[in-house]
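Here's the structure, in structure tokens; my notes come after.
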Amino acid sequence: MKRMFKTLAPLTLSVAIMAACGGEESGGETSGNEASGNSNNNADSGEQGDVVETGEAEQGVEASGDESVTLDMWIHQTGEDETDFYIKRIDEFNEANDDIYVNAEIIIDDGASSYSDSVNAALVAGNLPDILALDGPYVASFAEADIIASVEEYITDEDREDFVDSIIQQGTYNGELYSLGAMEASVPLYYNKDIFEEEGIEAPTSIEEAWTWDEFLEVAQQLTTENRYGLNLFMNYGVGEWLTFMGAPFVWSNNGELISEDGTTVDGYLNSPETVESLEFVKTLFEEEVVSLTPGEMQFEEGNAAMALGGPWIAVSAEDADFEWGMMPYPYKEVPKSPSGSMAYGITTLSEHPEEAYEVMAWMTNEESTIGLSEVTGMPPARHSAFEAMDHYDELPWSVIRDQVTETAHARPQTPAYPVLTDAFAQAFHAAALGEDVEEILNQQVDRVERELRRFQD
Amino acid sequence: MVTRKRYSLKTREGKEALTGYFFLLPALLLLGVFLLYPMGAAFYYSFTDFYILRPGEKNFIALENFQMILGDAEFRQAFRNTLYFTFLVVPIQIAVALGLALLVNKKLRLKVFFRTAYFSPVVMSLVVVSILWTFMYNPNEGLINEMLGLLGIPPQPFLTSPDQAMNSIIVMSVWQGAGFQMMIFLAGLQNIPDHLYEAADIDGANTFHKFLHVTLPGLKNISLFIFITITIAAFKLLVQPMIMTQGGPLGSTKSLVYHIYEVGFNYRDVGYASAMAVVFTVMVLTITIIQRILVKEERG
Numbered sequence: 052m053k054r055m056f057k058t059l060a061p062l063t064l065s066v067a068i069m070a071a072c073g074g075e076e077s078g079g080e081t082s083g084n085e086a087s088g089n090s091n092n093n094a095d096s097g098e099q100g101d102v103v104e105t106g107e108a109e110q111g112v113e114a115s116g117d118e119s120v121t122l123d124m125w126i127h128q129t130g131e132d133e134t135d136f137y138i139k140r141i142d143e144f145n146e147a148n149d150d151i152y153v154n155a156e157i158i159i160d161d162g163a164s165s166y167s168d169s170v171n172a173a174l175v176a177g178n179l180p181d182i183l184a185l186d187g188p189y190v191a192s193f194a195e196a197d198i199i200a201s202v203e204e205y206i207t208d209e210d211r212e213d214f215v216d217s218i219i220q221q222g223t224y225n226g227e228l229y230s231l232g233a234m235e236a237s238v239p240l241y242y243n244k245d246i247f248e249e250e251g252i253e254a255p256t257s258i259e260e261a262w263t264w265d266e267f268l269e270v271a272q273q274l275t276t277e278n279r280y281g282l283n284l285f286m287n288y289g290v291g292e293w294l295t296f297m298g299a300p301f302v303w304s305n306n307g308e309l310i311s312e313d314g315t316t317v318d319g320y321l322n323s324p325e326t327v328e329s330l331e332f333v334k335t336l337f338e339e340e341v342v343s344l345t346p347g348e349m350q351f352e353e354g355n356a357a358m359a360l361g362g363p364w365i366a367v368s369a370e371d372a373d374f375e376w377g378m379m380p381y382p383y384k385e386v387p388k389s390p391s392g393s394m395a396y397g398i399t400t401l402s403e404h405p406e407e408a409y410e411v412m413a414w415m416t417n418e419e420s421t422i423g424l425s426e427v428t429g430m431p432p433a434r435h436s437a438f439e440a441m442d443h444y445d446e447l448p449w450s451v452i453r454d455q456v457t458e459t460a461h462a463r464p465q466t467p468a469y470p471v472l473t474d475a476f477a478q479a480f481h482a483a484a485l486g487e488d489v490e491e492i493l494n495q496q497v498d499r500v501e502r503e504l505r506r507f508q509d
Numbered sequence: 012m013v014t015r016k017r018y019s020l021k022t023r024e025g026k027e028a029l030t031g032y033f034f035l036l037p038a039l040l041l042l043g044v045f046l047l048y049p050m051g052a053a054f055y056y057s058f059t060d061f062y063i064l065r066p067g068e069k070n071f072i073a074l075e076n077f078q079m080i081l082g083d084a085e086f087r088q089a090f091r092n093t094l095y096f097t098f099l100v101v102p103i104q105i106a107v108a109l110g111l112a113l114l115v116n117k118k119l120r121l122k123v124f125f126r127t128a129y130f131s132p133v134v135m136s137l138v139v140v141s142i143l144w145t146f147m148y149n150p151n152e153g154l155i156n157e158m159l160g161l162l163g164i165p166p167q168p169f170l171t172s173p174d175q176a177m178n179s180i181i182v183m184s185v186w187q188g189a190g191f192q193m194m195i196f197l198a199g200l201q202n203i204p205d206h207l208y209e210a211a212d213i214d215g216a217n218t219f220h221k222f223l224h225v226t227l228p229g230l231k232n233i234s235l236f237i238f239i240t241i242t243i244a245a246f247k248l249l250v251q252p253m254i255m256t257q258g259g260p261l262g263s264t265k266s267l268v269y270h271i272y273e274v275g276f277n278y279r280d281v282g283y284a285s286a287m288a289v290v291f292t293v294m295v296l297t298i299t300i301i302q303r304i305l306v307k308e309e310r311g
């Protein structure tokens, strides 16, 4: 999850380039299979002309007879512990179910585009598995293009209510549920307790006490010294998804939106006075020099920034810091809002066994999976029951993340134009950080997104 | 040997020719699958509205994509950025490569060490080099700004200022690439016969005159080869902005290839990306042909 945003991490990137090449190669392999007559065309693919199903399944199937259903599943690989956990859970599923065999394939996910490149290649070649992992904001694109199927008919009300709202919000397109995930994400405001004590500042501990923008700016200014920044926004992650993930709550908490509710236009939303005002606030943070445009990799962990708006992974990397630190809620303007969204699962429309596929999806997102995944990754779980079962979420600092996920989390927009919309917002956020005219930049970006939206309006 | 012979498989020559074609086959096959076929496909896609998520619905839309390029401000900006990069990188890199070649061609101690040192960036992965330079350019803790600090110069926003970012990438690209052309120049320098320099000495030429009238003319053909290859490589700028700046700040380092990549893979608009790739290919092809014509004239 951390790597989804850290596109500048050295190892990650070298993988990015290799994997980008890998994506093309897998396209080549496909044609190889086709040439050697290894294809097993299914009925659905006939409609799509040049679509060929390759024999991926053949490698994984044991001779267990005709009554067993084999399902292909794609999982993204980010961290080793996370991947090992997925494999363990799938093995357990296979043991517990005699009639379904899940053949999982691990696809590298470097945080940039390698995973979606692989998915795109498979999509064009007609090679998609029955179940695949996908990033929350892409649910709408895949649903709109009829690549993943609605799971509305399978989910029980009871189960739906156990998921936190933001996960349902993330998985819903046009009023129908398409996707479920086991993992949530959030961004608390980390703070250096030692520095806070020195300066005599009291940190809020609950959403009700969260700082407003004015209080936030004032403290950040007070904490900024000659050789220390008041705040770190991890601008070193680059101009990408992080800026939308971390930055959009500034807009939402000011009663702004990135796109209209029906998803047809961004004009009057992405460039609304509320959005402009929130990016003006971001601009102020940089103009007042309380935050750096080019922070070092470990600025907060090394004590060179007193506060940081960072992901749950910062709690992991700050474990060895030589100071005490805490978390407090995301600051707000009118209504408290916080970032949300993570990897989830979808069932492809090509799957011949959607019902069985849903069983796998339900297994991978059930209480046990949710708790286990949270334990190995440090990411918040996607279920209320998991929060209740995990004791450390009852105490500070983790209670801040629990409160945010269950009360203030806001999913990123559900629109098939998301790739362009998120880039537009990230560009505008970065331009604000550079001190540019926010309104002018936002208007330019609105034109871009409007052009993209027109593609989906016929 | 001017007249063409007809080969028969029964003769030895015929069998040899057949063997030759078999040896060619793997190369041709790879070229076909990984170069010619994708090129043909891109040309075809450029006339369609191919959207990655709907591979089954490619509609022929004639020249619509190409008309869109005309009104695309991002394409124009990427085009300007790419030209700016090329026009600066080509002369600077040639000058630096020639300078280095002259240096390491001298009879000095540790000659091999210096040659290796200047050449080593070439064998490093461009991705790794880009990441290293991103750290070096960092205003807060980067090596270069630390050094400027010792001279009393305030930290420079090398990669975060729209005015400096492309120039920073140019400096890094020259450093990374010049070693390769240095080796080619070096080979050229060693091909210039010593007696020409001796003759110049007898005529009383000084070092500068020798450089101007013996060295440079001796390197003419090699320079033109280097000129063409650097130009083509410069047009293909992609990795450095992708890793160091993501095309920013404010789009100031977005190159054409990067823009094409983003539109095709991130925004899924393969049709439009293909159209831009076709325009790009025609552009580079035209420039290469013009250069080739110049080369021929120089030789004649």
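Those protein sequences? They're chains G and C, same order as listed.
So the first sequence is numbered by the numbering used here: it starts at 52 and just counts up by one.
So the second sequence is numbered by the numbering used here: it starts at 12 and just counts up by one.
Virtual Cβ for every residue (Gly too), placed ideally from N, Cα, C.
Sequence-distant Cβ neighbours of D280(C) in its own chain, meaning closer than 7 Å and more than five residues away, are Y62 and V274. About 25 Å separates the beta carbons of A198(C) and T97(C), which is beyond the 8 Å limit, so they are not a contact pair. G354(G) has a beta carbon lying at 8 Å or more from every beta carbon in chain C. For Y444(G), there is no enclosing alpha helix (DSSP H), since its DSSP letter is neither H nor E.
The beta carbon of V489(G) sits no closer than 8 Å to any beta carbon of chain C. Residues of the stretch 283–295 of chain G with a C-beta atom less than 9 Å from some C-beta of chain C are M286, N287, G289, V290 and G291, listed in chain order. Residue environment for Q465(G): buried (at least 16 other C-beta atoms within 10 angstroms of its C-beta). Using a CB distance below 7 Å, no part of the stretch 445–468 of chain G faces chain C. For I310(G), no Cβ of chain C is located within less than 8 Å of the residue's own Cβ. Nearest in C-alpha terms to T399(G), of all of D181(G), K388(G) and A366(G), is D181(G). When DSSP states are grouped into helix, strand and coil, H461(G) belongs to the coil group. Put simply, of L40(C), A89(C) and L64(C) the residue whose alpha carbon is nearest the alpha carbon of V290(C) is A89(C). Between A271(G) and L336(G), the beta carbon gap of about 7 Å places them in contact (Cβ cut-off 8 Å). For T416(G), no alpha helix (DSSP H) segment is defined, and its DSSP state is neither H nor E. Contact of T59(C) with chain G is not assigned, every C-beta pair being separated by 8 Å or more. If you draw a 10 Å sphere on the C-beta of T22(C), you find fewer than 16 other C-beta atoms in it, and that means exposed.
By the neighbour-count criterion, in which 16 or more other beta carbons inside 10 Å mark a residue as buried, P204(C) falls on the exposed side. With respect to H461(G), K388(G) sits close: the two C-beta atoms are nearer than 8 Å.
Taken through DSSP and simplified to helix, strand or coil, I398(G) comes out as strand.
Rounded to the nearest whole angstrom, the CA to CA distance from D474(G) to N277(C) is 10 Å. Annotation: Cβ neighbours of V175(G) in chain C (cutoff 7 Å, chain order): I63 and P66. For a Cβ distance threshold of 9 Å, nothing in chain G lies close to F54(C): the least Cβ distance comes to about 17 Å.
Chain order gives no chain C residues near S323(G), where near means a beta carbon separation below 8 Å; the closest approach is about 22 Å. At least one CB of chain C lies nearer than 8 Å to the CB of N171(G).
Pairing R499(G) with L261(C), the inter-Cα distance amounts to about 15 Å. Q78(C) sits exposed, since fewer than 16 C-beta atoms from the chains shown fall within 10 Å of its C-beta. Comparing alpha carbon positions, the residue from T134(G), T121(G), A176(G) and F144(G) closest to I157(G) is T134(G).
At a cut-off of 8 Å, the C-beta of L485(G) has a neighbouring C-beta in chain C.
Spatial neighbours of T428(G) in its own chain (CB-CB distance under 6 Å, excluding positions within 5 residues in sequence) are listed in chain order as E133. Excluding sequence positions up to five before and after F301(G), its CB lies within less than 7 Å of the CB of S329, F332 and V333, all in the same chain and listed in chain order.
At least one beta carbon of chain C lies nearer than 8 Å to the beta carbon of D168(G). Counting only runs of 3+ residues, the beta strand (DSSP E) found wholly inside the stretch 340–416 of chain G occupies 356–360, 376–379 and 394–398, in chain order. Closest option to L282(G), judged by alpha-carbon separation, among A299(G), V327(G), S343(G) and V215(G): S343(G).
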